[in-house]
Structure formats: structure tokens, C-alpha cells
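Residue numbers (my numbering), protein chains in the order written: chain V, 14 to 173; chain A, 12 to 578. Don't be surprised by glycine CBs; every beta carbon is placed ideally from N, CA and C. One structure is given below, encoded as C-alpha cells.
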């Protein structure tokens with residue numbers, strides 16, 4: 014089962030490699046990973062997406078906790094949460110397809126961020142599923158290049 | 012606030028932590044530190060190979076419970092130490108390893124004798140540091156010792172760039188260390204303690220399964236108390252031997268791959284298994300689904316990752332073993348149950364276990380004048396009254412030592428359990444002897460493993476640190492040969508030591524005494540002679556043993572622990 018885990022850690026050199034080394038050394042899988050500084054510049058927040066049954070997830074969270082530079086580990090997919098990914102897609106846009114491409118971008122609430130006579134570069138954000146959907150639609154038209162971020166996620170605030 | 016040269020600040024930090032002896036090997040990157048060590052009252056032991064330095068520090072740590080310290084230079088000095096570091100990591104031994112590093116402006120330039128040792132040791136240290144700023148030096152050293160010795164102990168490496176060590180630093184006042192992200196749980200959850208105790212009181216066939224955590228937390232008395240109060244039989248892992256007296260009638264000896272018949276049967280038939288400071292290693296459990304299949308499992312461990320890692324646990328207690336056992340003993344005392352009655356109810360269970368032991372005791376067949384290695388260990392046990400510090404190499408020698416020496420006290424068996432590092436025993440023996448000069452220290456070795464760090468004979472001589480090295484010489488890499496005999500059609504690929512040095516002459520070349528025994532009738536006299544000689548010098552005994560003797564019982568890898576091959 015897919016899990017999105019949020020890890021708060023010290024913003025120091027080598028910390029990311031402790032996390033990735035743990036995953037490779039113990040044979041845990043990382044589907045995506047994204048990390049950046051938090052409001053407190055001494056701390057980073059890392060979001061990673063992984064898969065595994067409950068016992069693997071239990072080990073992943075415990076092993077992450079055991080790293081001295083890790084402060085907090087939350088499996089945010091246990092409760093309601095929002096997740097976003099971003100993709101930059103350069104898609105072929107020639108005379109016959111230019112209008113069609115723009116329509117698709119509009120449907121997905123994407124933005125054109127670079128234009129050339131033969132292509133558009135599109136910025137699109139959303140859940141992993143949404144990004145996959147636009148990729149699937151644009152693929153037959155001709156994707157020349159694609160760059161995707163890992164997932165970032167945040168737990169939803171309590172309703173009351 | 013005092014200003015000090017970095018190297019002097021390091022020495023002050025070592026003194027602050029109570030370090031008296033360190034083991035090391037110099038080089039360009041640590042030359043400043045060595046220069047100042049010369050004037051300090053810290054005893055530095057020059058080893059002959061960096062692996063030996065880390066093992067010796069590890070041996071000292073295991074016998075004393077203190078943090079062992081090794082000092083290595085950059086590059087190859089540091090990489091030679093890695094096996095030692097991994098050995099300590101797998102057995103949770105507190106070490107601080109100081110490595111020299113090229114000056115900070117050169118880091119990353121492939122400078123002479125530069126390696127990224129922090130990167131290399133990340134997966135085999137509890138934590139590690141590169142001190143890139145002078146102001147971090149003193150706080151890092153203090154934090155490193157704190158991390159090494161608290162919680163589940165382990166090795167911590169500090170990489171020290173040459174310019175940082177040579178710079179002037181603030182020697183700040185020592186304050187209690189509080190780390191936001193590292194606070195091991197020492198005290199057990201009382202609800203869990205109560206649940207565990209209630210389960211134990213209900214048990215008909217309880218077994219205590221004891222690991223190295225009991226020794227690390229000095230919980231042997233509390234454990235013994237629990238076992239004796241309720242008449243619970245005890246089995247120990249290799250790392251747990253000595254955690255409960257081996258001669259006690261409740262002791263079943265070791266369990267697992269080369270454990271006793273009674274231990275493995277008892278675990279298989281138990282209804283409550285109390286794991287204390289043990290980690291359900293594959294050498295203990297055998298086929299995992301057949302391990303303690305009928306038992307409710309209680310697991311005490313300070314490291315939450317150990318719990319439910321290999322075997323699902325019914326009642327976990329995350330705590331220091333000593334604290335948890337103290338709490339359990341206290342709860343039992345005041346719970347209102349008649350504990351004597353509970354203890355008496357286990358008599359039948361103990362009878363069953365005794366029958367297993369009688370049926371298949373730890374034993375071997377007598378072959379007249381052909382020396383049996385087990386007999387050598389029995390004689391060692393007898394002639395040292397079970398009171399020597401025994402270090403081992405790895406392989407058959409290690410298992411025979413574990414099976415036939417009665418470890419009645421903790422911190423007496425010093426062995427590489429988790430990593431299984433050949434070449435561990437001699438340097439570890441030197442470390443142990445440094446800590447306790449008045450104790451008899453014996454390295455039980457094989458002719459294969461002793462050659463992996465034999466150069467440390469010179470260290471033992473230079474520092475007047477005499478130990479006995481008992482080589483159980485069969486001219487084979489015996490444990491692998493045994494597997495080949497049993498599971499590979501006796502195809503002895505690369506396990507025959509066609510050339511072995513003359514160990515007696517080798518001993519003499521190093522200024523040690525060399526003895527040899529080739530017949531059973533010579534064993535006792537030779538050991539007695541060695542015990543006399545070792546008062547002055549290191550002794551090697553070359554025991555020519557039955558060449559194809561195997562270690563039994565044996566649970567073939569991947570089989571259930573009840574599927575033992577017996578003698």
C-alpha cells in the first residue's frame with residue numbers, strides 16, 4: 014500500500030544521504046522524495062512516498078526515528094491530507110496541434126511558461142494521478158521532455 | 012572560557028570522559044594530536060594494524076562497559092578501521108573512533124590519503140560527524156560520547172580535519188547534554204510491565220531468552236532474580252552468555268544454530284517467551300515461522316526497531332533491560348500472588364527440560380589420544396575455574412568456546428557475534444588485558460582466524476600485555492569445511508590451509524612463548540604451563556585437534572530449530 018511520510022530533520026550536510034542510505038541498505042522502496050528548508054532554517058522537511066505492508070511501514074518509521082538527525086516522522090497518509098506534485102512538460106505544438114494543446118492545458122489548469130515556434134513548455138500541478146492524466150493526454154500529441162518533482166504533502170487541519 | 016589548541020581540547024575531552032587508554036596508529040593527518048598525546052597522561056597503545064586498534068578498543072569496552080576509543084589517521088588508516096567499526100555496530104558496543112582528515116580546504120579534492128570516511132561509515136556507525144568548524148570541536152566530542160554510551164550503545168566516528176585540530180578553539184564548560192532529536196526511553200511503560208507480568212504468572216512453560224542487552228545494561232542480577240523467583244528456565248544467545256550464570260540449574264545454555272538441544276526444544280514448546288535484550292537474529296530463530304510457534308512473546312528492548320522486526324511481538328516493552336526487569340520484579344513482589352506456588356508449578360516443565368538435556372547433553376565422542384577441541388575448552392574452564400576472560404575468533408573455535416566454557420559472570424565472553432569477524436580475538440584480548448591486567452585473558456582461536464590479526468602479537472609484547480592464545484588447529488577453515496561436508500558433498504573448496512606457519516616458532520619470533528600439544532594426555536599439562544608462563548609473556552598454544560571434528564548440535568540454515576543435527 015502507498016504511504017506518504019513526512020520527515021522533519023536537521024538541515025545539515027549529509028542528512029539526506031542518511032535517509033536514502035537507510036532505504037537502500039534495508040531494501041525499502043522510495044517512489045518519490047522531495048526536500049526543502051522549513052520556516053526554521055535549521056530544519057528541513059522531507060516528503061517521501063513509499064510502498065509496503067503494515068510491518069514494513071512500522072520498520073520504516075522506527076528506523077527513520079532512530080536516525081539521530083531526524084526529529085519527527087509522520088505517516089500523513091493515515092489521515093486526510095493534500096498532496097501536490099509539479100511537472101514541467103515540453104510538448105510539440107505545431108500548426109495543427111497548437112490550439113489542441115492549449116485546450117488540454119486549460120482543462121488541467123496548467124500554464125504555458127515557455128513558447129517556441131514548435132513547442133510549448135507547460136507547468137502543471139496536482140496530485141500524482143492528475144499529473145499522470147495530463148501526461149497520458151499529451152503523449153499522443155508528442156511530449157519532447159518532461160521533468161516532475163516528487164510529491165509534497167500536508168495533513169488537513171482538523172474540521173473543528 | 013579557556014582557549015586551547017584543538018588537539019589539546021580533544022585530549023581534555025577524553026579525560027573529561029574518563030578515558031585512560033586509547034588504541035591507534037599515527038599518520039600525517041593526526042600528527043598534531045599525537046604530538047600533544049605524548050605529553051598527556053592518556054596511555055596510547057600503538058597497534059600494528061588499524062583494525063586491531065578498533066577491536067582492542069572494543070574489547071576494552073566490552074569488559075569494562077566504558078566507551079572504547081581508537082585514533083586512526085585519514086585515508087587507509089580510517090578504511091582499515093571499518094571492519095572494527097562494523098563489528099562494534101552489530102554488537103552494540105560503545106566506541107568513539109577519531110579519524111584524521113585532510114585540511115578542510117582540501118576536502119573533496121582527492122587529496123593524499125583522503126577518503127570520505129563519514130560517507131563510508133554512515134551505515135555502520137550509530138552516528139558520525141565531520142567537524143568542519145573549530146567551534147564545533149568540543150561540543151561534538153561531548154555529544155559523541157553521549158550518543159555512544161546511551162540508549163542502545165554503538166560506535167560513533169568523528170572525522171577531524173587537520174586544520175581544525177591545529178586551530179585554537181574555545182574549551183567551553185561542560186553542561187548536561189540535551190539533544191532535541193535523541194532521547195532514548197529508559198523507563199518502561201508500567202501498563203506494559205503489568206501485562207507482561209500477568210502473562211508470565213499464567214504461563215505453564217515459560218522461557219527466558221536472554222541477549223546481549225542484559226549485559227550492556229548490567230541487568231544480570233535483576234534477570235537472575237526474576238528467573239529464580241519464578242523458576243523460569245533461561246536460554247542465552249551468544250551475546251547473552253554470562254548474563255545468567257551458566258552453571259545454574261535453570262540455565263539451558265545457548266540457543267539457535269549451535270545451541271543446546273534443551274534450549275531449542277524448550278523455546279519450541281514454550282507458551283510464554285520472554286525476550287530480554289535480544290533481537291531474534293536468524294542464527295537464533297532458524298526458520299522464522301517455526302520459532303516459538305505456541306508462545307506469547309514478551310520483548311524488552313531499548314531499541315524500538317528491534318521489536319517486531321523479525322517476529323511479531325505480543326507485549327513489547329521499550330526500555331532499558333535493567334529498568335524493565337526491576338519494574339517487573341517489583342510488580343511481582345507486590346501483586347499479591349503466591350510466587351512460591353507459581354515457581355513450584357514450573358517444576359514439571361523443568362523436569363521435561365532436564366529430560367531433554369539428559370537425552371542430548373552438550374557432548375562429543377572420545378577418540379583416545381586424538382585431541383578433541385571440546386575437551387580443550389572443558390579443561391580451560393576447569394583450570395581457570397570458569398573465571399577467565401575468554402575472547403574468541405570466529406568459526407568453530409567460537410562455537411566450541413560458547414558451548415563448553417561455563418560463563419558464570421557477564422562481560423567474560425568477548426566475541427564478535429553479529430558481524431562474525433575473523434581476527435577479532437587477539438586484539439580484543441589485548442584490549443581486555445589492558446583494562447584488567449590482573450585477569451587471565453584467553454583468546455580461543457582457529458588456525459585460520461588467528462592469522463588475520465596475528466601482527467598484534469607485537470603490540471602485546473610492546474605493552475607487556477600477556478594473553479594466552481589457544482589455537483584449535485585443524486588445518487582447515489573449519490566451519491566452512493563443516494558446511495561443505497554436510498551440504499556440499501565434501502567438496503572442500505578453498506577451506507584447506509595447505510600452508511600454515513609453525514605457530515611455536517612464530518610465537519618465539521614475536522618474543523612470546525610457543526607450546527604445542529598433539530595428544531589428549533598433553534592438554535592439561537600444556538594449559539597449566541601456559542597459565543604459569545602468561546604471568547610474564549604471551550603464550551601461543553598450538554593444539555593439534557581432530558581435524559574433521561564438527562560443531563553440534565547444528566540447525567541447518569533455514570530449518571526449524573527443532574530440526575537439529577546431533578553428535
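Annotation: residue 137 (chain A) to residue 319 (chain A) spans about 20 Å, alpha carbon to alpha carbon. The three-state secondary structure of residue 59 (chain A), taken from DSSP, is coil. At least one CB of chain A lies nearer than 7 Å to the CB of residue 84 (chain V). Collapsing the DSSP output to three states places residue 578 (chain A) in coil. Our two residues, residue 399 (chain A) and residue 435 (chain A), have alpha carbons roughly 18 Å apart in a direct line.
Residues of the segment 58 to 90 of chain V with a Cβ closer than 9 Å to any Cβ of chain A, in chain order: 68, 71, 72, 75, 76, 78, 79, 80, 81, 82, 83, 84, 85.
Residues of chain V whose Cβ lies closer than 7 Å to the Cβ of residue 193 (chain A) are, in chain order, 81.
When the Cα atoms are used, residue 575 (chain A) and residue 265 (chain A) turn out to be separated by approximately 14 Å. Among the CB atoms of chain A, one or more fall inside 7 Å of the CB of residue 38 (chain V). A direct Cα-Cα distance of roughly 7 Å separates residue 404 (chain A) from residue 457 (chain A). Under the Cβ criterion (8 Å, minimum of three pairs), the segment 244 to 254 of chain A does not count as touching the segment 116 to 129 of chain A. Per DSSP, the beta bridge partners of residue 161 (chain V) are V:100. Residue 397 (chain A) and residue 250 (chain A) do not touch by the CB rule: their CB atoms are close to 18 Å apart, not below 8 Å. The three-state secondary structure of residue 533 (chain A), taken from DSSP, is helix. Boundaries for residue 294 (chain A): no beta strand (DSSP E) harbours it, while the alpha helix (DSSP H) harbouring it runs 293 to 296, taken from the DSSP string.
Only exposed fits residue 346 (chain A), as fewer than 16 other CB atoms lie within 10 angstroms of its CB. For residue 111 (chain V), there are no CB contacts under 6 Å within the same chain when 5 residues up- and downstream are skipped. If you look at residue 445 (chain A), you'll find it in the alpha helix (DSSP H) that goes 436 to 446. Between the segment 161 to 178 of chain A and the segment 137 to 149 of chain A there are three or more C-beta pairs closer than 8 Å, enough to call the two in contact. Looking at the DSSP output, residue 15 (chain V) bridges to V:64. Within the same chain, Cβ atoms closer than 6 Å to the Cβ of residue 219 (chain A) are found at 238, 243, 245, 285, the five residues on either side in sequence being excluded. For residue 30 (chain V), the residues of chain A that pass the 9 Å Cβ criterion are 130, 133, in the order they occur in the chain. Going by DSSP, residue 272 (chain A) is part of the alpha helix (DSSP H) stretching over 272 to 280. Here residue 124 (chain V) really is in contact with residue 136 (chain V); their C-beta atoms are around 5 Å apart, less than 8 Å. For residue 339 (chain A), the enclosing alpha helix (DSSP H) begins and ends at 332 to 345. Residues of chain V whose Cβ lies closer than 7 Å to the Cβ of residue 138 (chain A) are, in chain order, 81. Per DSSP, reduced to three states, the secondary structure at residue 87 (chain A) is helical.
Contact note: residue 145 (chain V) does not reach chain A at a C-beta cutoff of 8 Å; the least C-beta distance is about 34 Å. Taken through DSSP and simplified to helix, strand or coil, residue 476 (chain A) comes out as coil.
Residues of the segment 157 to 179 of chain A with a C-beta atom less than 8 Å from some C-beta of chain V are 158, listed in chain order.
Of all alpha-carbon atoms in V:161, V:48, V:143, V:68, the one lying nearest the alpha-carbon of residue 99 (chain V) is that of V:161. Beta-bridge partners of residue 132 (chain V) (DSSP): V:105, V:129.
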